[in-house]
Each structure stands twice: as structure tokens, then as C-alpha cells.
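K.L.:
Following this message is one structure expressed as C-alpha cells.
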Amino acid sequence: MVNVNFRARGEALFRDAALNQKIFYEDAIRTFDNSYAKVLFPTQEVTKISPNSLVIIKPREVDQEINLISGEIYFKKARIQTPSAILNPQKDGLYKAVVGDDKSTSIEVFEGKVDVEDTEGRGKIVIGKGFSSKIELGKLPMEPIEITLPDAARITALKGEITLPPNFQLSVADIETVGVFNPENVDFVNEVKKRGKIRKEISAVEIALDEYCSQIIMKLKPAKVQEEIKKLADGKYYYRLEYGSDAQKYSPVKGFELNRAAREMNVIILYPPSDLKVDDEFIEVRGSASRDISKLSIDTTMVDLGDDGSFRQIVYLPMGHHEMEIFFQDKLGNTKRITKRVVRVKAAPGFWQKIFGAGNQGR
């Protein structure tokens, strides 16, 4: 993966992506003339993003969705949303989708079967192996036409592009951890100042949940670091320094840990923000818990806590205003409850519809 950019959800600027970088819900990926990318979803499904493409990734617990804004992808089972069409494979297969400059969508089926409809849901067709269709912006899908399939060797090669190799293992970036700090003291601030002396003046300190800084939770002026870092729960974090007035000039990423000797148990919900409006029936809740917390649940579902106190949990949202209940307990048995309001603004297909189709929605 060479010359590939990514943009974290909620940010305006694209940055260079790294090999084996973690990508989160609604992060964007952009490729160029000489580059492509592969995305590995939690379900072990692989999608290939061809050169000169722009996509938004939406991994979920039971299925995957990709917004193909422009360019070309090869995929196996993911639901694809484009400016002009919705592509929903009925089963695992080998599919190619292309969005042109005019926002039209072309879909080719080399193996499998896919439902194709316009974005307003006015008309749907089913395309099987050896056929293709085109959907122009604002229009219904065109009738399928037969295509000449690639030869067997090419099909095998294409399937290999979206299949994990045997004994696949994901390598992890080697990031230096600079130490354990008490956020109530100035020891972390001193660490930042020490690194600043090596280079030119520090313009900002970015603190992130991951080693690739794709999930930045704080971007602070140096004078604000001591005040703001007290708001973070104990756990593992990553930081880098932005130098001078030149954008995108960063120091290497370093890991660090916050640890208070004794403190009140605390949970910080990093996402979603309060009163966020969403149009999906599921939302991923991300946050950080202090080390003294032994149990955590969201809407009665028990949540697995990482060694550093971080957590991620998919939560179902009913229509309208919903107060998510976050309940946690420390190792001494003390309990605490907080809430976070989220608003679901329109209906989406039910859970069983997504898995078995409309005919089983009453299950």
C-alpha cells in the first residue's frame, strides 16, 4: 500500500496511511494512480480498493458497508452504497463496482448474485453470474446485460485479491512507550517539553487512542496540556507533536500510560457525542474506563474492557430519542450509572431482515 491517504471521521484533512493501519467506522480511504488498498473487516472479509478511488468504511458486527464515492472496488459480500445505487449481495461472490465521473454506477458479477436498486428504492433488479448493469444518477437500474467473464486464471487471481492467505497474521507497529505518568502532576508535560527542545517550536500536542493517530481525542496547545490531560481516564494512549506553523509536520508517535495511585472510578464516552443524530439502527460506542473498573455494561450488554481500559461496543438504537445506560462497577463493588442520549432519525432494516431478508422480519 503506497501513497494511500485516510481521513478519520469528523476530520477535514487527509493524511498518509500506514501499512496494517486500523480503520474505524466512517473513516475514509483514498487511492491514487499508483496505489491501491485492501481493507480487512472484523468478519475476515477483504475488499480491494483500486487506484484513483475514494471510499468510506462502515464495519459492523453482523455485516459490512462501504460507501463508494468514486473509483472501483472488488468485493465479496459487503453492502455497497454509491451516489446512484445500493448493491446488496445475496451471498459470497466476486463482484466489481465502478462509480464514474458522472456518478453513475456499474456492477459486474463474476460469481454470486446481487440485488441492485436506485438510492431512492424505486426499483430493484437481481443480477447473477456473467451479467452486469448500470445505474445512472437519479434513474432506475438498467436491465442486466451479459458480459464475457474473465478466464479461469484471472478469476482465480481476482478471488485471491479478496481472500486472506493461509496462516495470515497482522503485523503490529513497533511504537516506543515513554513511560507511566500521573496526570495530576507535571511529569507528562515535562516529557513533551523535552522532546520539543530537539526540534523547532511545538504548535500542538495530539493525543490519540491508537498508534496510527487515526482516533485523535485531544489536540492541545502546549499551555493547555496539563489542564486537559487530567480529564483522561487511566490507560494507554499515544501522542505526537505538531511543529511550527507548517501543517502535517509531526514528530514520531510515542506511547504513554496514565496511572493515578488512587482516584474515583470513571468512564469517558469518546463517541458518540450527546444528542448525536444517526440514521442507522446500530451505533458503535467507544470510550475509556479507569483501571479500578471491573464490570461495564451498556444497555444491559456486558462490555469487554481492554488491558488499557479502552472499549468498543455495538449498540442497537430504537427509533427516536434513546438514553443509553452505562453501568459500571469497581473491584470493591461500588457502582455508578451514567447516560448518553442519541437520536435515531429514520427507520432502517431490522436485524433479522439484514440477515435473512424481509420474509423473516417477524422472527
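Under numbering that gives the first Met the number 0, the residue at position 233 of the sequence shown is numbered 232, and the numbers go up by one with no gaps.
Using N, Cα and C, we set each Cβ at its ideal position, and we do this for glycine too.
How many Å lie between Glu-135 and Thr-104 at the Cα?
P.N.:
Against the sequence shown, residue 135 aligns to sequence position 136. Against the sequence shown, residue 104 aligns to sequence position 105. Near 6 Å, if we compare the C-alpha coordinates of Thr-104 and Glu-135.
K.L.:
Just to confirm the assignment, what range does the beta strand (DSSP E) spanning Ile-201 have?
P.N.:
Here the question's residue 201 lines up with position 202 in the sequence shown. Its beta strand (DSSP E) spans residues 201-207.
K.L.:
List the endpoints of the continuous alpha helix (DSSP H) containing Val-153.
P.N.:
Along the sequence shown, read from residue 1 onward, the residue named residue 153 stands at position 154. Note that residue 153 corresponds to Arg in the displayed sequence, not to Val. Element bounds for Arg-153: 151-160.
K.L.:
Tell me the DSSP bridge mates of Ala-96?
P.N.:
What you label residue 96 is simply residue 97 of the sequence shown in a count that begins at 1. Ala-96 pairs with Ile-72, Ile-106.
K.L.:
Determine the extent of the beta strand (DSSP E) in which Ile-174 is found, giving its start and end residues.
P.N.:
Along the sequence shown, read from residue 1 onward, the residue named residue 174 stands at position 175. Where Ile-174 is concerned, there is no enclosing beta strand (DSSP E), given that its DSSP letter is neither H nor E.
K.L.:
Out of Ser-202, Lys-95, Ile-174, Asp-298, which one is the CA nearest neighbour of Leu-157?
P.N.:
Along the sequence shown, one-based indexing puts residue 157 at 158. Ranking Ser-202, Lys-95, Ile-174, Asp-298 by Cα distance to Leu-157 puts Lys-95 first.
K.L.:
Among the candidates Tyr-237, Glu-190, Pro-251, whose CA atom is the shortest distance from the CA of Gln-225?
P.N.:
Sequence index remark: in the sequence shown, residue 225 carries index 226 (1-based). Per the Cα distances, Glu-190.
K.L.:
Report the rounded CA-to-CA distance for Leu-363 versus Ser-132, giving the unit in angstroms.
P.N.:
The requested residue 363 is not part of the displayed model; the chain covers only 0 to 362.
K.L.:
Among the residues of its own chain, which have a CB less than 7 Å from the CB of Thr-162, if the five just before and after it don't count?
P.N.:
Taking the sequence shown and counting its residues from 1, one reaches residue 162 at position 163. Taken in chain order, the residues that qualify are Val-45.
K.L.:
Whose C-alpha, out of Asp-117, Tyr-35, Lys-57, Arg-343, is nearest the C-alpha of Thr-42?
P.N.:
Position 43 of the sequence shown, counting from 1, holds the residue named residue 42. The shortest C-alpha separation from Thr-42 is found at Lys-57.
K.L.:
How far does the alpha helix (DSSP H) with Glu-227 in it reach, from first residue to last?
P.N.:
Indexing the sequence shown from 1 puts residue 227 at position 228. 224-228 is the extent of the alpha helix (DSSP H) around Glu-227.
K.L.:
Between Tyr-24 and Arg-6, how many whole angstroms is the CB-CB distance? I'm expecting something under 8 Å.
P.N.:
For this step, residue 24 is matched to residue 25 along the sequence shown. For this step, residue 6 is matched to residue 7 along the sequence shown. Not really, about 13 Å apart at Cβ, beyond 8 Å.
K.L.:
Excluding sequence positions up to five away, which residues of its chain have a Cβ less than 6 Å from the Cβ of Pro-143?
P.N.:
Position 144 of the sequence shown, counting from 1, holds the residue named residue 143. Only Ile-126, Phe-130, Ser-132 meet the Cβ criterion.
K.L.:
To the nearest angstrom, how far is it from the Cα of Arg-198 to the Cα of Glu-64?
P.N.:
Counting from one through the sequence shown, the residue named residue 198 turns up at place 199. Counting from one through the sequence shown, the residue named residue 64 turns up at place 65. Because Arg-198 sits at a pLDDT of 49, beneath the cut-off of 50, its placement in the model cannot be relied upon, and the point is left open.
K.L.:
Tell me, which residues are paired with Arg-121 by DSSP?
P.N.:
As a working note, residue 121 is residue 122 in the sequence shown. Answer by DSSP bridge pairing: none, since Arg-121 is not bridged.
K.L.:
Is DSSP giving Phe-255 helix, strand or coil here?
P.N.:
Within the sequence shown, residue 255 is the residue found at index 256, counting from 1. Strand at Phe-255.
K.L.:
Between which two residues does the beta strand (DSSP E) holding Met-141 run?
P.N.:
Stepping through the sequence shown from its first residue, residue 141 is reached at position 142. Run containing Met-141: none; DSSP gives neither H nor E here.
K.L.:
Quick one: what does DSSP say Phe-5 is sitting in, helix, strand or coil?
P.N.:
As a working mapping, residue 5 is identified with position 6 in the sequence shown. Strand at Phe-5.
K.L.:
On the three-state DSSP scale, how would you describe Glu-190?
P.N.:
For this step, residue 190 is matched to residue 191 along the sequence shown. Note: Glu-190 maps to helix in three-state DSSP.
K.L.:
Would you tell me roughly how many angstroms separate the C-alpha atoms of Ala-261 and Asp-307, rounded to the nearest one?
P.N.:
In the sequence shown, the residue the question calls residue 261 occupies position 262. In the sequence shown, the residue the question calls residue 307 occupies position 308. In this predicted model, Ala-261 has a pLDDT of only 46, less than 50, meaning its place in the structure is not dependable enough to derive any value.
K.L.:
Which whole-angstrom value is the C-beta distance of Val-113 and Gln-89, which I expect to be below 8 Å?
P.N.:
The count along the sequence shown starts at 1 and reaches residue 113 at position 114. The count along the sequence shown starts at 1 and reaches residue 89 at position 90. Right, the Cβ-Cβ distance comes to about 7 Å (below 8 Å), so this counts as a contact.
K.L.:
Determine the DSSP secondary structure at Pro-88, reduced to helix, strand or coil.
P.N.:
Numbered from 1 along the sequence shown, position 89 holds the residue referred to as residue 88. Strand at Pro-88.
K.L.:
With DSSP collapsed to three states, give me the class of Pro-221.
P.N.:
On the sequence shown, residue 221 is found 222 positions in, with the first residue counted as 1. The answer is helix: DSSP assigns Pro-221 an H, G or I state.
K.L.:
If we call anything under 8 Å between Cβ atoms a contact, is Arg-336 one with Glu-322?
P.N.:
Counting from one through the sequence shown, the residue named residue 336 turns up at place 337. Counting from one through the sequence shown, the residue named residue 322 turns up at place 323. No, these two residues do not count as a Cβ contact at 8 Å.
K.L.:
Using DSSP's beta-bridge definition, name the partner residues of Gln-80.
P.N.:
Position 81 of the sequence shown, counted from the start, is the residue given in the question as residue 80. In DSSP, Gln-80 forms a bridge with Asn-66, Ile-85.
K.L.:
DSSP puts Met-323 in a beta bridge; with which residues?
P.N.:
For the purposes of this step, residue 323 is taken as the residue at position 324 of the sequence shown. According to DSSP, Met-323 bridges with Lys-339.
K.L.:
Between Asp-303 and the rest of its own chain, which residues show a CB-CB distance below 6 Å, the 5 nearest in sequence each way excluded?
P.N.:
One-based indexing of the sequence shown puts residue 303 at position 304. Excluding residues within five positions, none has a Cβ falling inside 6 Å.
K.L.:
Quick one: what does DSSP say Met-318 is sitting in, helix, strand or coil?
P.N.:
The sequence position of residue 318 within the sequence shown is 319, counting from 1. Coil.
K.L.:
Excluding sequence positions up to five away, which residues of its chain have a Cβ less than 6 Å from the Cβ of Ile-124?
P.N.:
As a position in the sequence shown, residue 124 is number 125, starting the count at 1. For Ile-124, where only same-chain residues beyond five positions count, the Cβ hits under 6 Å are Val-115, Pro-140.
K.L.:
Where do the ends of the beta strand (DSSP E) carrying Lys-276 lie?
P.N.:
Working through the sequence shown from its first residue, we reach residue 276 at position 277. Segment 275-277, the beta strand (DSSP E) holding Lys-276.
K.L.:
What is the rounded straight-line gap between the Cα of Ala-77 and the Cα of Asn-258?
P.N.:
Counting from one through the sequence shown, the residue named residue 77 turns up at place 78. Counting from one through the sequence shown, the residue named residue 258 turns up at place 259. Cα to Cα, Ala-77 sits roughly 41 Å from Asn-258.
K.L.:
For Val-188, which residues of its own chain have a beta-carbon under 7 Å away from its beta-carbon, when the five flanking residues on both sides are left out?
P.N.:
To locate residue 188, count along the sequence shown from 1; it is residue 189. Only Val-224, Gln-225 meet the Cβ criterion.
K.L.:
Check the C-beta distance from Asp-298 over to Val-314 and give it rounded, since I have them as a contact under 8 Å.
P.N.:
Counting from one through the sequence shown, the residue named residue 298 turns up at place 299. Counting from one through the sequence shown, the residue named residue 314 turns up at place 315. That belief holds up - the Cβ atoms of Asp-298 and Val-314 are roughly 6 Å apart, short of 8 Å.
K.L.:
Short of 8 Å in beta carbon distance, which residues of its chain neighbour Ala-369, apart from the five on each side in sequence? Order them along the chain.
P.N.:
Nothing can be reported for residue 369, as the shown portion of the chain is limited to 0 through 362.
K.L.:
Measuring straight from C-alpha to C-alpha, what distance separates Asp-62 and Pro-251?
P.N.:
On the sequence shown, position 63 is the one that residue 62 refers to. On the sequence shown, position 252 is the one that residue 251 refers to. For Asp-62 and Pro-251, the distance between alpha carbons rounds to 35 Å.
K.L.:
Just reading off the beta strand (DSSP E) that Ile-146 is part of, what are its end residues?
P.N.:
Sequence index remark: in the sequence shown, residue 146 carries index 147 (1-based). First-last for Ile-146: undefined, no H or E at that position.
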